[in-house]
Structures are given as C-alpha cells and as structure tokens.
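Enquirer: First to last, the protein sequences are chains A, B and C. With our numbering applied, the first sequence covers 1 to 280. With our numbering applied, the second sequence covers 281 to 620. With our numbering applied, the third sequence covers 621 to 1062. We put the CB at the ideal spot given by N, CA and C, even for glycine.
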Amino acid sequence: MTKRNFTLNSIGKWTVFYIGLICAVFFFVFPIFWIVTTSLKHRVDVYTEKPVLLFSVTWQNYQRIFELHDFGRYLLNSFIVATSVTLIIMYFGALAAYALTRWRIQGYNWVSLAIISARMFPPIALLPSFFLFASRIGIVDTRRVLIFAHATYGLPFIVFMLAGFFRQIPRDLDDAALIDGCSYFQLFNWIMLPSVAPGLAATAILSFIWSWNEFLFALVLTRASSKTLPVVISEFIGFVQVDWQGLTAMATILLLPSIIITFATQKYLVRGLTAGAVKG
Amino acid sequence: MGKSTGCDVFLPTVPGALSNGNDVKQIMPTIRWPRFLSKRQQVIKRSIRSERLIPYWMLAPLLVGLAILVYFPMIGTFVLSFLRYFWNKPQQPIRWIGLNNYIDVFSDSLFWQALGNTLVFMLVSTGLSVLIGLGLAVMFDRKFPGKSVFMTLILLPMMIAPVAAALSWKFLFDGQWGAVNYFVNLMGIPNQAWLASPKLALPAIMVADIWLYAPFVFLVMFASLQALPQEPIEAARIDGGSCWQIFTRITLPLLVPNFLLIIVIRLMDTFRVFDFIYIMTNGGPGGKTETVGFLSYERTFRHFNMGQGSVIAIFILVVVLLISWYFIRILQKGLLEQVR
Amino acid sequence: MRNWKNLIQRPLVILGIVFSLSILNCIAVVSAAEPDFSKVPKSPKPKKLTVVLYEPVEQKAAIEVSKLFEQKFGIKVEVNAIPWINLHEKIIADLTARTGTYDVIFIPGLWALEFIEADFIEPLNKYWNNPNLPKFDIEGYPQSVVNLLSKNGNIYWIPHHGTTQILFYRKDLLQAEGLRPPETYDELFKIAAKFTNNPKYPGVWGFGTTAKQGEFASSTWSTWLWSWGGDYFDENWNPIFNDATGVASLEAYAEAVNKFAPPDAPNWANEEAGAAFQQGRLAMLQMWPYLGAAMEDPTQSKVVGKVGYAPLPKKVLRFPRLGSWGGTVSKFSRYKEWAYLWVAFYNSEENTDNILVPSGVAVCRLSTAEKLKDKILWQDAVNKSFEHTKERPGIPEITPIIDVWGLAVSKVVTGQSDAKSALNEAATKIRKILDDAGYYSK
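Structure representation (structure tokens):
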C-alpha cells in the first residue's frame, strides 16, 4: 500500500531523491560488502589502504571454516536453538497476547508492567545470578538453557506485537466458536492462530534472526558442546592476531540464512508490523 | 467501564483512527447476566467461571520464565549491591556493607565520566538514527522502481550479528587500513586515528551504532506510515490543505505515539550500550568511550567485584525505568486526548 | 685374574673407567630429569580429561599432545580454547561454581595468588614427590618463572610458556642508515626520530607499541618503568610508581608513542601493532616474540627476512616484562592425578621439543631454549632478556589495579593529563583498592 503524501513532480526532485537513496544504501551496504569481500581474500590482501575491487579470490577461508574442529556441531546448535526459540516464542507469545487482550485480568496493570520492564532490564545485570543458578542445577552448556534464555528474553516484545493483532480480530469470532461447542484449546489453536498468521510470520522472522545472532547469553551459558556460531566468531579474536579472513567468512555464513529469510518474506514482515501491530 | 490504564498505551493500537474494534475501551468484555437466562446461556455462564482462570494459565509460562530469568536475578542483583563480594576470592567471607558500594561507585570519577559519555551517546545516537529512519521511511512511502531491492539492502544491517558488525567497524575505522579514512580522504579530510583520538572515538562508535539500528527504526516507522488511515488525509486534501499542513496537523499526530515508542526503546538500548565499547575501544582512549553499561560489565566480569558491578546495573535499571515511565505518561496523555 | 690389581693401576684403564662412569652418570641425570611415564596413577581412569587454555597457538600444541596422550594412556582429552578476552571470567565462573568442568587449566603468572589464595589449584609438588607418580624435574625451568606460582614451599604449576617482550626492528632500514639496534633508550629515541617523517622512507614510523587502554598499555609501560629503575610497590604495598622515576618513565613512554608512533597507536592491541610492523610501517616495535612467526610468514608478511630481534634497550637496567603461562590442576577435578600426568606429559622434553616449539609456544624450558638459540631467530634476544625480568605482582586484586594503570597511561599518551597528576590519581585509587582488601592493616 503506497500512498503519496508528497508528490515529486520534476526530474530534479527525483534525481535528488535517488541520490539520497543511493547514499543511504551505500552507507548501509558497504560494511557488509567489506565483510563478504574480506572473507574471500588472502591474508596479505586484507591490509590494504584502499578498498580494492580486484583481488585474487580464494575460497580457502571457507574451507578452513568447514574443516574447523566441530563446525558442524556449532552450526547444528545455532540452528536448533534458533528454530526452537522461534517456535516457542510464536506459540507462547500468541498465547500470552491472546490472554492479555481477551480477558479482564486481575492486576492487569502489574502484569503489563512486569512484561514490559523485563525487556528493559540490562542482560548484564541478570547474567551472574542466572549463571550461578543454572550451574547449580547443572544445565550450563546445554542447548536447553540457551533456548530458555533466548525465548524468555525475546517474548515480551513479541507479546505486545501480537496483542495488536489479536485486538483486531472481532470478538464475535470467539463467541461464535465457543457457542458452537469449541473448547478454548481448539479455539486458540485452530481459529485464533491462523487469524494472526501475518503477525506470526513477522514474529518468526524477527525471533529467528535475533536468536541466530545472539551473543551475550550464548557466551556466558555455553561451553564446548552447545556453543553457537556467534560465539565461534568471537574466538577468531586472538591475543596476538585477529583472523580477519576467517572471522568474516564465518560472519558471512551467519548472514546467509537471515538474508534469505528476509528477502523471501519481506512483504510479510512489513505487513506483519503494519496490521495494527507493533507501532513500536 | 474499562478504565484507561497507564499500561494500555503499550498495547499497540491504531491511535484514534477508524478501526474495527481497536478502541482501548473495548479490551475488557463486560458481561452482565440477566436473571432469566436461557439454558444455553446458563451453560455459558457456568463455563465462564472456570473460564476466569484460563488467561492466567495462558500467561503462566511467560511469567514463570520471566521470573526465573529476570525477576529473581534482579532481586539477587539488588541484594548483591549491598554486599562485599568478590567472586574470585571465595576465601573471603561475603559481608553486608550497606551503602558502601554505592558510595564507592558514585565517588569514582570514572563513573561520572562514563555517565557523561553515555548520555551524549544516548541522545546523539538516538536522535540521528530516528532522523535517518524517519527520512528513509518518508522516502519509501511512495512507489518507485527498485523499491523492494533498495529496501532489502537497507535492512541488511539488521541481519548481521552485532558481534560481527562491531568487529567490522573496528577494522573500518582503523587509522591505517580502514576504509573510512579512504572515503574521508576523498572528501579532502586527512587520515584520522578514529578510535585512538579522544575527540573522535565516541563519534566513531556512534556511527557504528546508528548503522546497526537505524534500519530497524526505519522499518518500524515505515510500517506505521503504511498503516496510516487514508480517509482523514484525503478529506483534508479535499478541503484544500497544503502538503505541509497535512503533514504537521494530521500525519504527525497520528504517528507520534508509535514514534515515541521506538524512540523510547532506542533511548533505553543506547543507554545500555556495551558491545561496541567492548570490542572496539575497551573504554579508551583515556576513558573517553567508557559507558555505564561497559563499566558494569568490567566491574562484574573483569574485576569480579560483584558489589560495585551490581550497583551500576541497578543504576542503569532505575534510569531506564524512569525514562520509560516518563514516556508512558506522555503517551497516556496523548492517547486520552486522541480518544476525546 | 691374578693381575687385576695391576690392571687397574694402568692410567688408561683408570681413565676409561672414569670416562664410562661419567657417561653413565650423565645418562642417569638425563633420565632422572625425564619423568618416568611407565608409572601411572592408581586411581580410577577418567573417561576424559578437560583442558582449558586460550588462543589457537596453545590449542594446536595441546591437541597434538593430547593425541599422543590418548595413544599412550588410553584417555580422551578435550581441549577447550577460549578467546583470551573471555578466558579469565570463564575460568573463574566455573571454579566458583565448583563445577569441576576443567581438569587442567592454563593460567598466566599474573593470576598466581588469586588462584592460590582462593584454593582453586593443586600444589603440584605433592604429585611429583609422590613415588607412585612420574617425577617431574622442575629444575629444568627458570627460577624466575617457576617462582611466580610458588608459595609456602609449594609449587603450583609447570610453566611451559615464558618469554619477555623484545624489540623487533627492521634490519634493512637500520643497516641502510648504518645503525645498530639500540642499547639504551636514548639511542632508541634517536633511531626512531631518524625514521619518523623521513621523506626517504615514506609511510614509515620510528617506533610502535601497544598503548590501548587497559591491559595493553599497562603491560608495555611496565617495561619502561622497571627499566628506569622504578617499581610499582614497595615492601609495604605503598604505591611508588608515582615518584620521580615513575613519572619520568611515563613521560618518556608517552613521548615515544606520540612522536614516533602512528596516530592510532593509542588504540593498539597486539594485533594492530603487529600488523603495522608486518606491513612495513614501523622501524621498531616493542612486542612479544611469538609474533615473530607471523613476521617470517610469507603468506601474510611484507617484511619477511628483514626483521631483526634484539632485547629491549636499557635505561638504568634492561628490564622487560615477563609473560608466562603454565599448566595447573584444578582443585575440583575428579581426576587430579591423571590431570597432573597430562601436565607432566605436556611438558616432557620430547613433547616440548617436538610439538610445543613448532606450534609456536614460546617455551622457557632451559634445555629447549638453549637448543633453539640458533634455530629460532628471536630466541637469543629472549634468552638475553631473562637476566632481569619480572611480572607485575600476581595478587588477586591485580586486575582492577591494571585497569587503573591502563587508564592513567592512556590519559597521558593521548594528552588528556600530565604524567604526574595521572599517576597520583592512579596511586590514590590503587591505595584504596589495597586498603579495602586489607593490605595495610597487617
């Protein structure tokens, strides 16, 4: 849906428009371009004064990454964590959003405040205590604990996003289904969820990308067996040297799923944010 | 009915516009049961009572999870701020020392320097990313060739891992091999030692932060623009309003609540900024890029000084809550005016 | 043999006997120095041992040794490499939580007392004095390094890695100007001045060092402070680094960085400083020797074959900073004897020579260091530097103290403060830290 609040009537204005647009795009794209090109360079070429467009391309950095001790496991970890987190957030987020919008809840103010403020707490403040707790019950370095942390921390934002969606669904739909003998469980799963599908799609995209890229929780809560890819990236920072080519190769690998998902579902993302949902 | 609660404003709504039941007041269903219920209605009434508990069950997973991950640790941190607790010295007994940690932190000149840096960072970074996001959103609010390609390109920073982004910007700002210097050379400015210069280090980090988050601001504002109801605008245009009048009198007020929300979120996030400092400058040069978020991490995880680290964390929390409380007030007022 | 009395009176025979006895003696000494790995602990064998260390260099060596270890003793070893910036907090987190995840921990000498006083690690002499376990001869290591983790007669580690900062210099550039590597700091200043902003050598700066706020600045300034004859604390832990000597050394350091180093040196960690030298931008560099391998690597270095290595110059003394890493056994390990076995095995002469050295570990084992003098270009400089070398005091409070030093140095280097007031401010802060920790109330 594009509207024309302002119309550009002349070539001049369109030129300015495109120049501005291209500058903006250049600013946002150049670092990514740098990352991808550096991942294809030999180490000697990394340290150049001018950004060079022509250089001898090498795939050895990617090769090195794939041969990395346990790379397959880290990739799997990242993938499992991100998809689990996404599914959990989608379902429980919708559940909570539905609950918030359909009932008069005792202490509604407090509940809302509690959920918003969870988003505000600096993770750094939570981590020492949570880490100690997790290690006492022995779940450090498992995928479970990371999935739990990611899902819990990412939920508040999504709950409010989906609440807007649910509010748009007329209550008549609920009543009609209930009167026809649906249980709440069926109502929620078979009627409500499909109704907010665009919102769920947007949720899925945002949650997946966030969890896939998340670093702080992963750094603190994982060891060798449940490490995820962002943590592996940080390990390329050596004491003596930074392995820039390896690092950027890993970053590029990490970038690919996000790009593919976003590009394929761009429309849904905007629609998802649009339809009465996150105005914020 | 349906008292307008302060927290409602965080529940996204299409503010005041024509809608299909989005009105704030309609959130809570009020049910009045006349005495002469039909059989069907009686069945419904019975199930209403157990229905009362259902929302609580639905919210339970979220709230329990938050309790474990957030609330209890937060209380823990609050308690810790009153203790002398070095977690690399288990041989030293943990002692209650009251406000001593607070005194130590607030009398440390580095803390105030960090606070100053953080405020500057917060205001400039949020301001610029909002301006850029808004400008881009307005630009994209029309049809033009290549729109979806451009949009995906602009959204690229959102997809990259912040760790990788910070490292890349570190290299890009390098005094000797950084591409940034190459480009400023083209504009006639000599090479700068960005991250080593007391004057330029913080601005450099701001650039990296804006780069990373302006696309998200843009996305949200763009979505808001897309959701603008057309009728008021069309009506105003028919009535002969100029572009500027329409923008300032109609469009902006409708957008303000949502914009305020994203501004608040950005303010809170920039106040807590940590990753960039950690990776790019370690607080230097000479403390010029110290921020409260980084200081808290440093005290807790490098110096193992749980007490002081917790003090700073609580301080961050209080400030963040104050900011958001202030904005909630504004939004609430604004919303009430709208509804009227 | 009626004539045997006559036989032994022949001088040649006597000589022969003495000779063979002495050879036997040597063999005996040599094999006494090597642990006898046929002795294995009687405690139950672990399914696997976990080793934690930092950074790829150590990881390579540890993985190689672990393969041999598995072949020899049948125990799997998992090697966890953690990035250096996160190493301290991760290890402490696990030790405080007493998870016992790690059996062998590599720590730097800087964390010595922190770990000993917190009772995180086991005294190793308990194990090598145990007749049922292979004996390890710690005498084969330099005293200065071993002593970092000795307390009350116990030795808590085997330091496989010990090295000092040295001076990297461009042989070709200095030779072109007819200069030798500097013996004193005054010479260093002269040479650096010659190469900075010299139109004959475009893009070259005279001197570089790591001046990034925090550990790096503190690390490199230490050398200057000690070389000027100053020190950090006196015997009663009073800060003395802000006296005239300290101030002079910091002023000189700041001057060197400002005049002779590229403008972004104040944000340099090892990687940037090394890269600058590697790409031919610096005439001299104060750096750790293990970057030498990168300098001589043609796939990344532009100065292959042009690099000379010399001990750092002296002012009053030559006193470079000591960097050390060693293997320790965690107190919460369930397989302490086997962990000790791994550490001893890692440090056996054979493994040191054949695995650690080629992987790039800067070994300090005396016998190896001697052997390498001619094979590794920088070993000679390092050996010479061991004459006077030390590390900053390894007390548990050292990390916040290093950050205070690092902040002060960074402020002075970037001109935000003069040396005297910066150091005085640092002294006040450090005094408070030590006071809170009870150092003044003994």
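#1: Taking all protein chains shown into account, do 16 or more other C-beta atoms lie within 10 angstroms of the C-beta of Cys984 of chain C, making it buried, or fewer, making it exposed?
#2: Distance, Cα to Cα, Ser710 of chain C vs Val220 of chain A?
#3: Quick check: does the Cβ of Met250 of chain A come within less than 7 Å of any heavy atom belonging to the ligand SAH?
#4: Name, please, each residue of chain D whose Cβ falls closer than 8 Å to the Cβ of Ile19 of chain A.
#5: For my contact list, Gly589 of chain C and Leu1043 of chain C are in at a C-beta cut-off of 8 Å; report their separation, rounded to the angstrom.
#6: If you follow the beta strand (DSSP E) that Ile786 of chain C is in, where does it begin and where does it stop?
#7: Once you ignore the five residues that flank Gly567 of chain B on each side, which residues in its own chain have a CB closer than 7 Å to its CB?
#8: Counting beta carbon pairs with one atom in the stretch 452 to 470 of chain B and one in the stretch 497 to 512 of chain B, are three or more of them shorter than 8 Å?
#9: Between Gly720 of chain C and Phe952 of chain C, which are expected to be in contact by the criterion C-beta below 8 Å, what is the C-beta distance as a whole number of angstroms?
#10: To the nearest angstrom, report how far apart Asn381 of chain B and Ile116 of chain A are at their CA atoms.
#11: Output needed in chain order: residues of the stretch 453 to 464 of chain B with a Cβ under 8 Å from some Cβ in chain C.
#12: In terms of DSSP beta bridges, what is Ser950 of chain C paired with?
#13: So, helix, strand or coil for Arg143 of chain A, using DSSP?
#14: Going by DSSP, what residue range makes up the beta strand (DSSP E) through Thr48 of chain A?
#15: Give me the DSSP bridge partner(s) of Gln570 of chain C.
#16: Decide if Arg375 of chain B is buried, meaning its Cβ has at least 16 other Cβ atoms within 10 Å, or exposed.
#17: Residues of the stretch 461 to 485 of chain B with a CB closer than 9 Å to any CB of chain C: list them in chain order, please.
#18: How would you call Ile307 of chain B, buried or exposed, if buried means at least 16 neighbouring beta carbons within 10 angstroms?
#19: Taking only beta-carbon atoms, is Pro1013 of chain C less than 8 Å away from chain B?
#20: Using a C-beta cutoff of 8 Å, does Lys369 of chain B count as contacting chain C?
#21: Here's the rule: buried if 16 or more other CB atoms are within 10 angstroms of the residue's CB, otherwise exposed. What is Glu1089 of chain C?
#22: Which residue from B:Ser576, B:Leu452, B:Trp605, B:Phe595 puts its Cα closest to that of Leu127 of chain A?
#23: Does the structure place the stretch 571 to 589 of chain B close enough to the stretch 343 to 362 of chain B that three or more beta carbon pairs sit under 8 Å?
#24: Please compile the residues from chain A whose C-beta is within a distance smaller than 9 Å of the C-beta of Ala914 of chain C.
#25: So the alpha helix (DSSP H) Tyr966 of chain C belongs to, where does it begin and stop?
#26: Cα-Cα, which of C:Lys668, C:Gln999, C:Ser658, C:Trp704 is closest to Lys696 of chain C?
#27: Contact criterion: CB-CB distance below 8 Å. Does Glu675 of chain C meet it with respect to chain A?
#28: Under three-state DSSP, which class holds Asn856 of chain C?
#29: Name the residues in the stretch 815 to 838 of chain C whose C-beta lies less than 7 Å from a C-beta of chain B; which are they?
#30: Alpha carbon to alpha carbon, how far is Gln60 of chain A from Thr919 of chain C? Give it in angstroms, no decimals.
#31: Could you pull out every unbroken beta strand (DSSP E) segment of at least 3 residues lying fully inside the stretch 33 to 89 of chain A, listed in chain order?
#32: Would DSSP call Thr531 of chain B helix, strand or coil?
#33: In whole angstroms, give me the CA-to-CA distance for Trp605 of chain B and Phe160 of chain A.
#34: Met486 of chain B: which of B:Lys427, B:Ala516, B:Met560 sits nearest, CA to CA?
#35: As an exercise, report each continuous alpha helix (DSSP H) stretch of at least 4 residues that is fully enclosed by the stretch 497 to 522 of chain B, in chain order.
#36: State the CB to CB distance for the pair Val410 of chain B and Ile543 of chain B, rounded to an integer number of angstroms; the pair is presumed to be in contact (CB under 8 Å).
Expert: Result, derived from the coordinates:
#1: buried
#2: A small fix is needed here, since residue 710 of chain C is Lys in this sequence, not Ser. Using only the alpha carbons, I get a separation of about 8 Å.
#3: Of ligands this structure carries none, so the ligand SAH is not represented either.
#4: Given the protein chain composition of this structure (A, B and C), no chain D is represented.
#5: There is simply no residue 589 of chain C to check, as chain C begins at 621 and stops at 1062 in what is shown.
#6: 786 to 790
#7: Leu390, Gln393
#8: no
#9: 4 Å
#10: 29 Å
#11: Asp454, Gly455, Gln456, Trp457
#12: C:Ile741
#13: helix
#14: Thr48 of chain A -> no beta strand (DSSP E), and no H or E assigned at all.
#15: This structure cannot settle anything about residue 570 of chain C, because the visible part of chain C is limited to 621 through 1062.
#16: Here Arg375 of chain B is exposed, its C-beta having fewer than 16 other C-beta atoms within 10 Å.
#17: Asn471, Gln472, Ala473, Trp474, Leu475, Ala476, Ser477, Pro478, Ala481
#18: Its pLDDT being 38, under 50, Ile307 of chain B is placed unreliably in this model, and the coordinates cannot settle the point.
#19: Residue-level contact by beta carbon fails for Pro1013 of chain C and chain B, as no gap is shorter than 8 Å.
#20: yes
#21: Nothing can be reported for residue 1089 of chain C, as the shown portion of chain C is limited to 621 through 1062.
#22: B:Ser576
#23: The stretch 343 to 362 of chain B vs the stretch 571 to 589 of chain B: in contact.
#24: Val240, Gln241
#25: 956 to 966
#26: C:Lys668
#27: Closer than 8 Å to the CB of Glu675 of chain C there is at least one CB belonging to chain A.
#28: Coil at Asn856 of chain C, not helix or strand.
#29: For the stretch 815 to 838 of chain C, the beta-carbon criterion of a distance under 7 Å to any beta-carbon of chain B is satisfied by Lys832, Gln833, Gly834.
#30: 13 Å
#31: none
#32: Here Thr531 of chain B sits in helix by DSSP.
#33: Their Cα atoms are separated by approximately 17 Å.
#34: When the alpha-carbon of Met486 of chain B is set against those of B:Lys427, B:Ala516, B:Met560, the nearest one is in B:Met560.
#35: 510 to 518
#36: Contact between Val410 of chain B and Ile543 of chain B holds, since their C-beta atoms are separated by about 6 Å, short of 8 Å.
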